[in-house]
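Below: one structure, written as structure tokens.
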Amino acid sequence: MAPSVPETMRAARLVATVPVPSIDDNEILIKIAAAGFCHTDYQVYQGVYHSPTPSTGCHEPVGTVAAVGKNAAHTFKLGQRVGMLLFKHACGKCDGCRTWKDSAGNPNIRMCEAKQMAGLSHDGGFAEYAVADAEQAAGLPDSISFEQAAPLMCAGSTVWGAIRAAATKAGEPVAVVGIGGLGQLCVQFLKALGHSVVAIDNRPEGRELATSLPDKLRADYVVDIDDKDAVTDIKKWAGLGGVSSVVVCTDRLFANQWALGILRLRGTLVAVGLPSPELDGLLQFDAFQLVFSELTIKGSLVANQGLLVEMLALVAKYGVQSYITTVAFDDMPKLPEMYMKPHLKIRLVMKV
Numbered sequence: 022m023a024p025s026v027p028e029t030m031r032a033a034r035l036v037a038t039v040p041v042p043s044i045d046d047n048e049i050l051i052k053i054a055a056a057g058f059c060h061t062d063y064q065v066y067q068g069v070y071h072s073p074t075p076s077t078g079c080h081e082p083v084g085t086v087a088a089v090g091k092n093a094a095h096t097f098k099l100g101q102r103v104g105m106l107l108f109k110h111a112c113g114k115c116d117g118c119r120t121w122k123d124s125a126g127n128p129n130i131r132m133c134e135a136k137q138m139a140g141l142s143h144d145g146g147f148a149e150y151a152v153a154d155a156e157q158a159a160g161l162p163d164s165i166s167f168e169q170a171a172p173l174m175c176a177g178s179t180v181w182g183a184i185r186a187a188a189t190k191a192g193e194p195v196a197v198v199g200i201g202g203l204g205q206l207c208v209q210f211l212k213a214l215g216h217s218v219v220a221i222d223n224r225p226e227g228r229e230l231a232t233s234l235p236d237k238l239r240a241d242y243v244v245d246i247d248d249k250d251a252v253t254d255i256k257k258w259a260g261l262g263g264v265s266s267v268v269v270c271t272d273r274l275f276a277n278q279w280a281l282g283i284l285r286l287r288g289t290l291v292a293v294g295l296p297s298p299e300l301d302g303l304l305q306f307d308a309f310q311l312v313f314s315e316l317t318i319k320g321s322l323v324a325n326q327g328l329l330v331e332m333l334a335l336v337a338k339y340g341v342q343s344y345i346t347t348v349a350f351d352d353m354p355k356l357p358e359m360y361m362k363p364h365l366k367i368r369l370v371m372k373v
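End of the sequence shown = 373 in this note's numbering, gap-free, step of one.
Encoded structure:
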């Protein structure tokens, strides 16, 4: 019997150039200066999102405005330094758009069921130019370099949105689980907001990162999640039975489940690490912990323009920084392998 031949195959293809994208009235064209590589980019590479191919990855691009749509010209100008969120074009008609509004009363694009997402369902920023929805972009403060700004478009926006979703009262203790690209920014944001922060990671690189952040933005307490006394020690440090909230920035199932145990009564867990059901398994929690302590578990999906502007102002004011390694445009194919190195403690940023 002849061997079975599949209808499709994987192939490595060299494409020299693609057309520069055009824009509509509500868009801006960004000449890319830097673009970050995120955990979600790796999941796209794995096929988790079933993204269309061929497509251009990346949802952390920043650069300068190269072209402006007619309506976008009211907000942006040629040559302006900008960054963009991954979301594009709220439809205004779906249940999400009609039900959930932003602070200005417009549809909250995070809830739109028909939105495009750069780097996932639509072309992103690993290119010389990218298209941004003008309503999901923001000008960059002069004090923030392109290399530092790129991780803020997803990693920073994601944890800023999570912090706002947690709605922790001023001064109360907060835990951050997973000190990598997201966690290092989350610790700094919380410190800038006046919270006491415990940073939790099983990797020496993550714990070292938590203590080497800029002065006054470092974690107050650092714990190895694998330490047998970790839960007891955190509760003693926090007082009142545990931390008020915890932001989980890792996709490790154990870490997400474990984090419930360090919360005080009526505490809140915000999960942003995104374990893949197909590759990692389903995320499960202890119902007895959840019910008898009246805990809250929330998801938080990146941010919107208002939150992005708010976050950028805080970064500029307090000097929040990411530890980054820049990668040349021609070395982009190396990014997935670099990202999965077990001792990585920096953010990878492509520089154009």
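Every residue, glycine too, gets a C-beta built ideally from N, C-alpha and C. These figures come from a predicted structure and were not determined experimentally.
Check: Beta-carbon proximity of Pro-142 to Pro-73, cut-off 8 Å; Outcome: In the sequence as presented, Pro is not what sits at residue 142; that position holds Ser. Contact: yes.
Check: Span separating the alpha-carbon of Gly-100 from that of Phe-306; Outcome: 49 Å
Check: Residue nearest to Ile-53 in terms of C-alpha spacing, selected from Asp-241, Tyr-150, Val-219; Outcome: Tyr-150
Check: Close Cβ partners of Asn-223 (< 7 Å) along its chain, the five nearest in sequence each way excluded; Outcome: Asp-245, Ile-246, Asp-247
Check: Pair within 8 Å by beta-carbon distance, Val-208 and Ser-266; Outcome: no
Check: Whole-angstrom distance between Ile-345 and Ala-166, CA atom to CA atom; Outcome: Sequence check: residue 166 is Ser here, not Ala. Taking the straight line from one Cα to the other gives about 12 Å.
Check: Supposed close pair Leu-335, Ala-213 - CB separation, criterion 8 Å; Outcome: 6 Å
Check: Local Cβ density within 10 Å of Gly-262, reported as buried at 16 or more and exposed below that; Outcome: exposed
Check: Between the CA atoms of Asn-325 and Ala-280 - distance to the nearest angstrom; Outcome: 27 Å
Check: Cβ separation of Lys-256 and Ile-283, assumed to be a contact under 8 Å, to the nearest whole Å; Outcome: 7 Å
Check: Sequence-distant residues of its chain with Cβ nearer than 8 Å to Gly-302 (five each side left out); Outcome: Leu-274, Pro-296
Check: In chain order, each alpha helix (DSSP H) run of at least 4 residues that lies wholly inside the region 120-170; Outcome: 167-170
Check: Exposure label - Pro-128; buried when at least 16 CB within 10 Å; Outcome: buried
Check: 7 Å CB neighbourhood of Arg-102 in its chain, flanking five on each side removed; Outcome: Thr-85, Gly-160, Leu-161
Check: Complete beta strand (DSSP E) runs within the region 305-371 (minimum length 3 residues, chain order); Outcome: 317-320, 345-349
Check: Exposure label - Val-219; buried when at least 16 CB within 10 Å; Outcome: buried
Check: Alpha carbon of Gly-204 to alpha carbon of Val-180, nearest angstrom; Outcome: 8 Å
Check: Residue span of the alpha helix (DSSP H) that contains Pro-27, given as start and end; Outcome: Looking at the DSSP string, Pro-27 is not in any alpha helix (DSSP H), and its letter there is neither H nor E.
Check: Beta-carbon gap between Phe-147 and Cys-59 smaller than 8 Å; Outcome: no
Check: Exposure label - Asp-250; buried when at least 16 CB within 10 Å; Outcome: exposed
Check: C-beta contact flag for Ile-184 and Val-268 at 8 Å; Outcome: yes
Check: N-terminal and C-terminal residue of the alpha helix (DSSP H) that Phe-97 is part of; Outcome: Run containing Phe-97: none; DSSP gives neither H nor E here.
Check: Euclidean distance between Cα positions of Leu-107 and Lys-136; Outcome: 10 Å
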